Each structure stands twice: as C-alpha cells, then as structure tokens.
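Chains as they are written, first to last, in my numbering: chain A, 1 to 895; chain V, 1 to 111.
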C-alpha cells in the first residue's frame with residue numbers, strides 16, 4: 001500500500017474500522033458455520049478492540065493517525081472553551097490581518113522589484129550637497145542637456161534613461177469642453193527597449209522617437225489606462241490627444257504589468273522627452289535619471305566619471321551668471337553624485353512614506369506580539385486546568401514529543417482560524433489605507449497584487465505566530481510530573497502553578513511595555529497632526545476656491561481682471577482676485593535679495609504675483625501700508641510679509657525702530673541687472689509653500705507686469721482665487737468653469753481645487769499616521785486589558801481555596817484585593833517603566849515624522865501611562881470583586 | 001515503519017500463510033487458519049489473535065492481495081491471494097526455513 005492510500009485510510013478512519021470489524025465478524029460466522037460455539041469462538045478470537053488497533057496500526061501511518069486524532073481533540077477543546085477560543089482567534093486575526101496589510105503596503109511601495117528585465121541593475125542618480133543654510137540637501141532632478149552629456153559619457157558601461165516626474169495634467173481627446181486629467185510622464189525613447197518591455201498593442205517608442213526637440217508628437221498609453229479609459233478598444237491607435245497646445249498621436253499600448261517607474265503613481269500616458277518644453281534648458285531640473293548598469297561594470301569609477309561630467313556642466317553653465325551669492329554658486333557646483341539602487345523604482349511617495357510605513361509596520365508588529373502574549377496566557381491558563389489530563393497521558397505512556405504535538409496542533413488550529421479571518425481583513429484594509437493616502441486631486445494608486453510574496457509572508461506569519469504563542473505553553477504543559485499531578489489535585493502539583501504564574505506575569509509586563517510604546521507613538525502622531533491642523537495660517541482657507549486657468553493666446557492683465565469681474569457676477573461668489581499660483585500649491589519662485597546696491601543675500605527671498613484685492617479675498621491681515629492698487633505694476637511695488645521685513649529689511653536699521661513701508665530693495669537677475677521694488681505694505685505671515693516649514697520671507701508683487709516702456713505684458717496662466725459665500729465649493733467650481741468657457745474670451749480652467757484641499761493634501765501622511773495610530777493603540781489597549789483580565793480571573797479561580805480560608809480566618813477586603821491585584825500592579829509598573837525606556841529610545845528614529853512635538857515632554861509620557869493605568873484598573877476590578885465574593889462556607893463545604 | 005522485520009515466530013506464521021495461499025488461492029482468514037491446522041496434522045495452530053494482524057501486515061508489504069466477496073448468506077468476506085511479490089517472498093522464506101531447520105537439526109544430531 002502506498003503512503004497515499006495510508007493517508008486516505010487516515011481520513012476515512014471510520015470506514016476502516018467498519019471493514020476490520022466486518023472481517024472479524026465474518027471470521028466468527030465461519031467458525032459458527034463449522035460447528036463451533038459462538039461464545040467459544042469469540043473467546044478464542046480475543047478482544048476485537050485490540051485486534052482492531054493492531055491491524056489499524058498496520059493499515060495507517062501512525063503519526064498521521066495521531067495527528068488526525070489531535071486535530072479532532074484540539075477542535076473539541078477549542079469548542080469547549082468557546083469564549084476564550086473566540087477571543088484568541090479574534091485578537092490574533094486582527095493582529096495578523098493588520099500585519100499582512102502592512103506588509104502588502106510596504107511590499108508594493110518599497111520592496112517589490114519593477115516588472116522589467118533585470119531590475120537589480122537599475123540605479124537612480126541623485127545629487128547630495130548643502131542648501132542655502134548649510135543643511136544637507138539631496139535632489140534627484142536633472143536638466144536634459146546635462147543628462148545627455150552623462151549618457152554619452154556612460155556609453156558602454158551603462159544606459160541612462162530620463163523619466164520626468166509623473167504629473168497629473170489637463171488633456172482632451174476632443175474639445176476644450178471635455179477636459180480630463182491624466183498622469184503624464186515624459187520618458188526617453190529607448191526606455192521600453194532597454195527595460196525589455198513589449199507592446200500589448202501597436203508599438204512602443206524607440207530611440208528614433210526621441211531625437212530632436214518638439215519633433216515627435218507620439219504617445220504610448222499604459223495598459224491599465226487603456227483598459228480603464230478606452231475599454232481595450234483596438235482602434236485607439238492613431239487617435240490624437242491634446243495637451244496644452246500640443247497634439248499627440250497614440251502609437252501603442254504598453255505591457256500589462258508595467259505602470260511606470262514611480263510606485264504610488266500609475267503612469268497613464270508616456271510621451272518622448274523631446275516633447276517636453278524644457279528639454280533644451282540647461283537650468284531646469286525636470287526629470288530623474290535612471291541607469292541600467294551592464295553586468296560586471298564597477299559602480300564607483302562610473303559614478304566618478306559622471307560626477308566629473310555633471311560638475312563640469314554646472315560650472316560651465318554658471319560661468320557667466322551674476323546675481324548669485326558665492327555660497328549659492330558653491331551649492332550648485334559642489335555636490336556629490338550618487339548611484340542609488342532602484343530595483344523597486346523611485347517615487348516621491350516612497351520617500352514620503354518609507355519612514356511612516358515602517359513605523360506602522362512596527363506598531364502592527366507590537367500589536368501582534370501583544371496578541372501572541374495574550375493567547376499564550378490563555379493557553380497556559382487552560383493547560384493548568386488540564387494538568388491532570390496531561391499527567392494521565394504521561395502515566396499511560398505518552399511521550400513528551402507527543403504531548404507537545406497535541407498542544408501545538410491546538411495552537412495551529414487557532415492560528416489557522418485567525419489567519420483565515422485575518423486575510424479577509426488584509427484584503428480590505430490595504431486598499432483602504434491607499435485611499436487614505438490619496439487626495440482628491442492626486443489619488444494614490446498602488447498596485448496591490450496578492451501573489452506568492454504575500455502568500456509566503458502569510459504562511460511565515462502563521463508559523464511564527466504559532467511558535468510564538470504555542471511553544472512555551474506546550475513545553476510547560478508537557479513537562480508535567482504525573483505523580484505530583486495525580487497525587488493531590490491542582491494545588492498539590494508542587495511548585496508548578498507558581499512557575500506558571502511567573503510566566504504569565506512576565507507576559508503581562510511585556511504586554512504592558514509594548515502597549516505603552518504603541519500608545520506613546522500614537523499619541524505623538526496625534527499631537528503632530530493636531531499641531532499641524534491647528535497651526536495659525538494667517539488666512540482663512542474655508543470657502544476659498546482656486547481656479548487654475550490658462551489663456552493659450554495670452555491675455556493682458558486687464559483682460560484677466562475683466563474675467564475676474566465676470567466670475568464675481570455669478571451667484572454665490574463674494575470676491576475674486578488673481579495670482580500667479582495659489583499659496584501652498586508647492587510651487588516656488590525664489591532668488592537673492594539685495595539692499596542699496598549691496599551683495600546678493602545668501603538666503604532666498606520668495607515671490608508671488610497677486611492682483612489688487614487678493615489679500616482681502618484671502619483675508620490676510622495688513623500690518624502696515626496698503627494693498628496693491630490697479631495702478632501698481634511689476635516691477636515696482638511690493639507687499640512683503642513680516643519674516644521678509646525681519647530677514648532682509650531690519651538689517652539696515654540696527655536700532656530696530658523703523659517703518660518698512662517706503663523702503664526699497666533689489667532683486668538681482670541672472671543677466672547682472674537688478675530690479676528695484678518699493679515696499680507699499682506689510683502683510684501678516686502665512687505659509688508660502690509647505691505648512692510644515694518655517695515661514696519663508698515672501699515679497700508679493702503686482703500681477704500686472706509691464707515692460708521697460710510701460711506696455712502691459714500678456715499672461716498665459718494664472719489662478720483665480722474665488723471667495724464663496726458658502727455651499728458646495730466644487731459645484732460652484734464646475735459652474736464657474738462652464739461660465740468661463742461660455743464667455744468665449746479665450747480663457748479656460750485647467751484645474752479646480754480648494755485652498756482647504758491644498759492644506760489637507762499636506763497633512764495626509766500625518767492624518768493617516770494619527771488615524772492608524774489611534775486605531776492600533778485602541779486595539780493594543782483592548783488586547784492588553786483582555787489579557788490582564790484573563791490572567792487575574794485565572795489566578796482568582798486557582799486560589800479560591802486560599803482566599804476562602806483567609807476570609808474565614810478574618811482577612812479583610814483590602815488585604816484580599818491586595819493579594820489578588822498586588823503582584824499584577826508590580827508587573828504593570830515594570831512594564832510601564834520598560835515602555836518609557838523603549839519609547840524614549842525609539843523616539844529619535846521617528847522624530848522626522850513629528851511636528852513641534854517632543855517625545856521627552858512629560859505630557860507625552862504621562863498620557864499613555866494614565867491610559868494604561870485606567871485600562872489596568874478596569875481589567876482588575878471584576879477579578880477583585882470575584883475574589884471578595886468568595887464565600888468561605890461554600891469553599892470549606894466543597895472540601 | 002519496520003514492516004519488513006520478521007522475527008522467527010512471525011516468520012514461520014508468514015511462511016505458513018504464504019504456502020497455504022500458494023496452494024489454494026482466495027481463502028478467507030478462517031479458512032487459512034483451519035488449513036494450517038489440518039495440513040500440519042493438527043500440530044500447528046495459528047493463534048487467532050495474531051493471524052489478522054499478520055495478514056494485514058503482509059497485505060501492507062504487498063505479498064498478498066485482498067478482495068471483498070459477497071457470500072451466499074449475503075454477508076461479505078475478505079479473500080486473500082498471493083501476489084507476484086508474495087511468490088518471491090515465499091521462495092525466500094522457504095529457503096531461509098530450510099537453512100535454519102537443517103542447521104537446527106545438525107545441532108540436535110550432534111548433541
């Protein structure tokens with residue numbers, strides 16, 4: 001018989017038993033038929049049961065049969081303790097589901113190799129230097145002419161690919177009326193070929209599609225976009241799309257698995273780099289550079305070669321440049337070029353979320369440890385109740401390995417049940433977190449496949465968890481000494497309960513320490529989010545609508561103001577003003593500042609053009625002077641913020657008592673000229689770019705630009721700032737967009753946002769961390785509370801006799817309560833102290849995620865301690881009550 | 001599982017069962033037992049308690065095959081017959097028995 005039939009025999013055990021019985025029965029029948037007495041024949045045959053066991057042992061694989069019996073027995077045990085089992089499975093499921101979810105996110109964003117040929121040979125090129133304040137600074141953007149030189153220099157050793165930062169842009173397949181958004185990435189024509197990618201439809205770019213600027217109006221769609229936007233329409237090849245004033249012809253669809261080189265963003269439309277408007281500019285860093293290094297090529301010499309080429313390029317570029325401080329020049333030329341492994345792509349989201357996700361992973365891991373400690377305690381408590389059963393098994397000859405197997409099978413059942421439930425959770429939770437990360441204008445899309453990587457992690461997790469919570473109780477249970485256990489009940493079994501209680505108490509201390517860490521970190525995340533979202537902004541973001549608009553033929557500032565007036569007439573609009581771009585849209589225009597013909601400043605000043613009425617519409621407070629008037633023009637007048645006054649203007653007046661209004665400053669330009677501005681007003685500080693950064697020195701300048709002869713300059717793009725009276729902002733935005741298109745004045749809206757939306761987009765990560773932190777803190781507290789309750793309950797049950805006797809001899813309630821809860825509180829204190837140590841120790845690794853929050857603040861440490869104490873008290877009270885209710889008469893009668 | 005291990009007692013029971021089955025195929029357990037008794041002139045009797053485990057063990061080893069047949073009474077009986085491997089095993093066991101028994105005889109004669 002093969003092993004397989006034996007395994008089958010294991011599974012159909014009842015049938016096998018029946019068959020054996022039937023054969024024995026036919027033996028007896030035969031004997032009777034031969035004239036023997038039935039009883040005598042049975043006696044001669046012997047015990048059918050023993051016969052059956054002997055034959056059975058032959059017919060089935062012994063250990064398999066034992067395993068099967070253990071599974072059934074374990075299942076019955078779990079069913080008997082239904083509530084504890086359900087609690088164990090639920091808490092484990094929660095923790096395991098969270099773990100797998102965290103793994104799916106981390107894997108998809110940070111670990112998974114790009115689906116290209118030889119991802120391990122991919123490197124990203126970045127530069128590391130210092131910013132204007134001498135803080136370390138890194139940037140991975142490159143100017144195309146520099147890139148082209150480096151590519152030529154690397155020829156033979158590596159192929160260099162340019163990939164622009166993927167942008168969400170306005171485009172249309174029909175008329176302006178039907179604008180839509182698409183994720184667009186400009187890539188080198190040879191990228192697809194170098195990465196070994198094949199088209200699903202049509203063709204992909206080749207080097208021939210990327211030779212001369214503006215000459216290759218072709219587009220390749222990503223497979224995902226082709227399916228979602230075009231429903232796999234084969235006729236998509238040859239269709240055209242319009243982006244700004246360029247028209248592109250679709251030539252092909254990319255491979256199914258490839259979604260671009262930026263995890264977190266799914267590129268929808270690929271365009272050749274030569275079609276980018278900045279492709280010839282030596283001073284615009286607009287794309288990344290990826291290197292595919294040939295096998296066997298050493299990185300360092302290659303790196304040094306490219307470093308020399310690039311530094312040389314920058315030195316050459318800045319040779320004639322004026323208006324740069326020495327420091328700024330140095331920071332542009334003296335940098336270190338690095339090759340960073342990029343097997344899993346490069347994206348802003350990776351950088352933003354690497355640390356955050358890692359910490360979510362740590363929190364989740366801690367919750368899992370808490371859950372494991374919980375289940376281990378539950379199992380230990382149960383195995384205490386089963387000491388006699390174990391003793392009996394040992395005394396009838398069960399080996400230790402056999403007992404460990406029995407308890408481990410029970411653990412495996414728990415772990416598998418939890419895994420099944422947890423995988424449902426993981427299925428739902430990971431996409432939910434991705435949605436949390438996204439913002440309405442920039443939805444995050446992360447491909448979250450459930451493949452062998454996730455499966456492998458899940459299996460490893462189940463095994464790990466099983467060993468974590470199952471092995472210790474199993475070893476302990478199997479170490480029972482039968483003589484002790486059988487001699488005199490649970491209490492008489494020597495020092496065993498004490499050792500068991502010690503282990504359970506140790507688990508409690510560990511649980512409390514982990515729980516403290518989770519609550520502590522969550523508290524820091526919440527405080528960070530709180531500080532950020534309650535930071536005084538200096539303007540009123542609610543009810544502010546932002547219409548980013550284009551005038552493709554160029555319109556005069558007066559025409560822009562006219563369009564503003566048209567929008568103001570729409571019901572629901574309280575005020576309209578124009579600016580170059582909105583505050584906090586992360587765009588920046590900066591340069592040095594000079595006073596009275598002095599040297600250019602080391603620190604940058606930041607600029608933004610705004611129309612008359614803009615400050616009023618923003619509700620920004622004027623501190624001195626006035627807003628812009630219609631007669632103010634760029635260059636000429638400026639409104640500066642308080643930080644600007646402090647950083648650039650106060651230096652000229654050391655005694656500190658001066659009126660900035662009326663002062664002048666210069667803005668040194670690249671060609672050596674200087675533009676003069678006179679301060680007409682001072683406005684209160686407000687974030688210019690990021691809510692997290694220190695307030696920048698900002699000079700606002702008139703939206704109305706004039707040339708040297710005083711002629712108004714045409715504007716091609718700008719943002720209408722709309723203050724609404726209330727109601728649905730985005731509905732109003734859609735209406736204004738229609739209105740603008742209908743007037744036919746040559747304007748169109750390219751993007752509708754709200755100021756609040758821009759603000760929220762900058763705190764997405766903090767919000768996610770705060771939400772997940774609070775969630776996991778809640779779970780950790782719940783689990784730790786449940787665990788503590790279980791252990792206390794067990795110890796009261798176990799010590800009922802002792803308590804009864806103490807009460808009988810006159811112990812008072814307080815001393816009984818101390819007896820029950822005393823050691824636990826010691827453990828909790830130990831745990832909290834360990835947690836404080838852990839928290840302070842780990843805080844410096846998380847600091848980058850905090851905003852104006854210090855881990856060593858007494859408040860930040862007090863809060864988790866207080867919360868944990870409250871949970872401990874809540875978990876202790878029922879057990880103490882139970883101990884106080886012990887009736888000595890009843891106990892003594894039972895003895 | 002150590003199924004091939006045969007001590008002398010089991011070995012001789014195996015030999016007897018295999019021999020009986022080589023003469024008369026398709027016997028049930030009781031018939032094998034009586035056949036051993038009869039052909040040994042009532043000297044040898046397979047103990048009923050050890051016959052079935054032995055049969056199942058030999059089936060496990062692949063020396064004999066078993067099949068269920070329905071008897072006239074309507075009840076089922078399990079019939080055993082020799083397999084090809086069983087014939088080889090029988091030859092081996094017989095040789096071994098000859099060697100062992102002649103050795104024992106020689107010892108007895110010298111005494």
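Glycine is no exception: its CB is placed at the ideal position from the N, C-alpha and C atoms.
All values derive from a computational prediction rather than experimental measurement.
Inter-residue Cα distance where the pair is residue i and residue j
| i | j | result |
| --- | --- | --- |
| residue 4 (chain V) | residue 61 (chain V) | Caution applies to residue 4 (chain V), whose pLDDT of 37 falls short of 50 and renders its modelled position unreliable; the value that the coordinates give is listed next. So the two alpha carbons sit approximately 7 angstroms from each other. |
| residue 540 (chain A) | residue 309 (chain A) | 49 angstroms |
| residue 602 (chain A) | residue 648 (chain A) | 11 angstroms |
| residue 73 (chain A) | residue 379 (chain A) | 15 angstroms |
| residue 167 (chain A) | residue 88 (chain A) | 47 angstroms |
| residue 712 (chain A) | residue 555 (chain A) | 10 angstroms |
| residue 70 (chain A) | residue 469 (chain A) | 18 angstroms |
| residue 18 (chain V) | residue 409 (chain A) | 42 angstroms |
| residue 109 (chain V) | residue 41 (chain V) | 25 angstroms |
| residue 843 (chain A) | residue 352 (chain A) | 18 angstroms |
| residue 355 (chain A) | residue 770 (chain A) | 14 angstroms |
Three-state class that DSSP yields for residue i in the structure shown
| i | result |
| --- | --- |
| residue 84 (chain A) | helix |
| residue 774 (chain A) | helix |
| residue 893 (chain A) | helix |
| residue 505 (chain A) | helix |
| residue 427 (chain A) | helix |
| residue 82 (chain V) | strand |
| residue 547 (chain A) | strand |
| residue 633 (chain A) | coil |
| residue 607 (chain A) | strand |
| residue 124 (chain A) | strand |
Contact belief for residue i with residue j at Cβ below 8 angstroms, rounded distance in angstroms
| i | j | result |
| --- | --- | --- |
| residue 250 (chain A) | residue 236 (chain A) | 6 angstroms |
| residue 780 (chain A) | residue 521 (chain A) | Rounded, the Cβ-Cβ distance is 10 angstroms, inconsistent with contact. |
| residue 121 (chain A) | residue 375 (chain A) | The pair is not a contact, with the Cβ atoms about 45 angstroms apart (cut-off 8 angstroms). |
is_contact[residue i, chain A] using C-beta, thresh 8 angstroms
| i | result |
| --- | --- |
| residue 30 (chain V) | yes |
| residue 80 (chain V) | no |
| residue 65 (chain V) | no |
| residue 48 (chain V) | yes |
| residue 76 (chain V) | yes |
| residue 25 (chain V) | no |
| residue 16 (chain V) | no |
Outcome for residue i when other beta-carbon atoms lying within 10 angstroms are tallied against a minimum of 16
| i | result |
| --- | --- |
| residue 319 (chain A) | exposed |
| residue 582 (chain A) | buried |
| residue 216 (chain A) | buried |
| residue 287 (chain A) | buried |
| residue 32 (chain V) | buried |
| residue 34 (chain A) | exposed |
| residue 179 (chain V) | Lying outside 1 to 111, the shown extent of chain V, residue 179 (chain V) is not represented and no answer is given. |
| residue 102 (chain V) | exposed |
| residue 918 (chain A) | No answer is possible for residue 918 (chain A): it lies beyond the span of chain A, which begins at 1 and ends at 895. |
| residue 407 (chain A) | buried |
| residue 245 (chain A) | exposed |
| residue 710 (chain A) | exposed |
| residue 68 (chain V) | exposed |
| residue 27 (chain V) | buried |
Beta carbon proximity, residue i to chain V, threshold 8 angstroms
| i | result |
| --- | --- |
| residue 66 (chain A) | no |
| residue 470 (chain A) | no |
| residue 30 (chain A) | yes |
| residue 399 (chain A) | no |
| residue 491 (chain A) | Unreliable positioning characterises residue 491 (chain A) in this predicted model, as indicated by a pLDDT of 43, which lies under 50. The coordinate reading is nonetheless provided below. No, residue 491 (chain A) lies away from the interface with chain V (no Cβ there is under 8 angstroms from its Cβ). |
| residue 40 (chain A) | no |
| residue 23 (chain A) | yes |
| residue 926 (chain A) | Past the boundaries of the shown model lies residue 926 (chain A); chain A is included only from 1 to 895, so the question cannot be answered. |
| residue 795 (chain A) | no |
| residue 418 (chain A) | no |
Closer than 7 angstroms: residue i CB and nearest the ligand COA heavy atom
| i | result |
| --- | --- |
| residue 662 (chain A) | What this structure holds is no ligand at all, so the ligand COA is not there to describe. |
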